[in-house]
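Following: one structure in structure tokens, then a few remarks.
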Amino acid sequence: MEIHATFAPDGDAKTACAAASPVQFLTPEGRWQPNAAAEPFADELTGLDAEFWLGALRHMVEVRAFDREATMLQRQGELGLFAQCEGQEAAQIGSALALRSQDEVFPSYREHGVCHVRSVDLVDILRLFRGHSHGGWDPREHRVRNYTLVIAAHALHAAGYAMGQRFDGSVGSGNRERDEATMLYFGDGSTSQGEANEALVFAASYQAPLVFFLQNNGWAISVPVERQSRTPLADRARGFGMPADRIDGNDVFASYAVSRRRLDEARAGMGPAYIEAVTYRMGAHTTSDDPTKYRQADEVERWRQRDPISRLRAWLTSEGVDAAEFARIEERAKDLAADIRRRCRELDPPVLDEMFTHVYAEQHPVIEEQRAWLERYEASFEADPDAGGHLAEPSADGVSKEAQA
């Protein structure tokens, strides 16, 4: 069944002004009830039937299964750290499905759903959290850059890449299969960093085809978003001269529709845009964090009632999808999680020399000196076990302190 939009004055939004309500097509209970903010984006859903959204549900369920399995692997000592994304599946899956194959993605460090849609092997994500790799996958293969653990640093990388797309003439040709855009994923904590704001300056000044996709999950580790900003975060983007939208980040329809519109506009040469997806991280910031120290249980429960998977499943049920299909999806996700666990534990230890690979695009004397020093250091243990550890260390400029003396 295809979707045909009808609009309620402002859905079930709690705000007094409908115009301020986040874009929402599905209510938390899974009813098709677009609010007024959704009306400008309704055409983006035309022709998408229940089968398309069933595919979105498969991605969401599988990523949640991966997320929970990876959390258990960390608790059992198989990973050094893990960043959970449970609760943010709709924001990630909906926006990722709106991308085209030629688009570039710059994730932060919890965009597991985006990676899954872009066919990144989820075990490759665990290579990073297991300490086996600086990145985990070849970013050119899937057009998904590696995770960035330095908050907001990748915002400038994305802005620079998108500026390059414009300089290369990869936007505005009208060729659907050729024109490109870039999607940047970041969190509410990143908005307080200078790099995120500098990226907005450059993207706006050069009209780069960059869509800023902010996942506002309520907390920058232990700092609530209301302490970071007195106004909705989307309002900041308007000050840089770009369109900004707030969406219900737990509504996969809203995430897809708004992302598709803004990406199409970026590819057409209309410049950058900003999307604030209002969502919630159900788990910890990372597995090194204890959110019970700063979050109230009733707050978590309120958001649990807005679960994005339950919401989409309720709508699909109303469209005639039966329980057997949902059971097959759950079973497939269970098998995926088991496979992830097995392959994660079977990962070969990293080759020591790989820590020097891909640090720079070309050979660099500092890196080569460090590589040579490590080789001598390792060899010293083989030559004389009692002599190991006494080699002069390389200095910052690549020349050993011994040579300097």
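If you're matching positions, the sequence shown starts at 3 in the working numbering and goes up one per residue.
The beta-carbon is built from N, C-alpha and C at its ideal position, and this holds for glycine as well.
Just so we're clear, the structure is a prediction, and the values are computed from it rather than from any experiment.
Check	Outcome
Segment contact flag, the region 174 to 181 with the region 93 to 100, C-beta cutoff 8 Å, min 3 pairs	no
Sheet register partners of residue 217 (DSSP bridge)	189, 279
Rounded C-alpha distance that separates residue 380 from residue 354	11 Å
Length-filtered (3 minimum) beta strand (DSSP E) runs lying within the region 257 to 330	275 to 280
7 Å Cβ cutoff met for residue 160 and residue 184	yes
Pairwise C-alpha distance: residue 256 and residue 144	25 Å
CB contact check: residue 213 to chain C, cutoff 7 Å	Going by chain labels, chain C is absent from the structure shown, which holds only one protein chain.
Buried versus exposed, by CB contacts within 10 Å (16 or more), residue 292	exposed
Beta-carbon proximity of residue 296 to residue 192, cut-off 7 Å	no
Residue 71 burial status per 10 Å Cβ neighbour count (16 or more: buried)	buried
Residue range of the beta strand (DSSP E) that includes residue 414	Since the first residue of the chain shown is 3 and the last is 407, residue 414 is not available in this structure.
Helix, strand or coil at residue 130 [DSSP, three-state]	helix
Status (buried if at least 16 other CB within 10 Å, exposed otherwise) for residue 154	buried
CB contact flag (residue 83, residue 131, <7 Å)	yes
Segment contact flag, the region 311 to 329 with the region 50 to 67, C-beta cutoff 8 Å, min 3 pairs	yes
Start and end residues, alpha helix (DSSP H) containing residue 1	Here the chain comprises residues numbered 3 to 407, so residue 1 is not present and cannot be evaluated.
Residue 362 classed as buried or exposed, judged by whether at least 16 other C-beta atoms fall within 10 angstroms	exposed
Neighbourhood of residue 290 by C-beta distance below 7 Å, restricted to the same chain and skipping five residues each side	83
For residue 28, three-class secondary structure by DSSP	strand
Bridge-paired residues (DSSP) for residue 225	222
Stretch-stretch touch, CB-based, cutoff 8 Å, three pairs: the region 75 to 82 with the region 332 to 347	yes
Check: residue 71 C-beta below 6 Å from any heavy atom of the ligand FAD	The ligand FAD is not among the ligands present in this structure, which contains no ligands whatsoever.
Neighbour-count burial assignment, residue 281, 16 or more Cβ in a 10 Å radius	buried
8 Å contact criterion, which residue 214 and residue 156 should meet: CB distance rounded	Not a contact, Cβ separation roughly 12 Å.
7 Å Cβ cutoff met for residue 235 and residue 278	yes
Expected contact under 8 Å - CB spacing of residue 210 and residue 168 to nearest Å	6 Å
Nearest-angstrom Cα separation, counted from residue 123 out to residue 117	8 Å
Cβ-based burial, residue 16 [other Cβ within 10 Å; buried from 16]	Low confidence applies here, because residue 16 scores a pLDDT of 30, under 50, leaving its location unreliable; read the following figure in that light. Counting Cβ neighbours within 10 Å, residue 16 comes out exposed, since fewer than 16 surround it.
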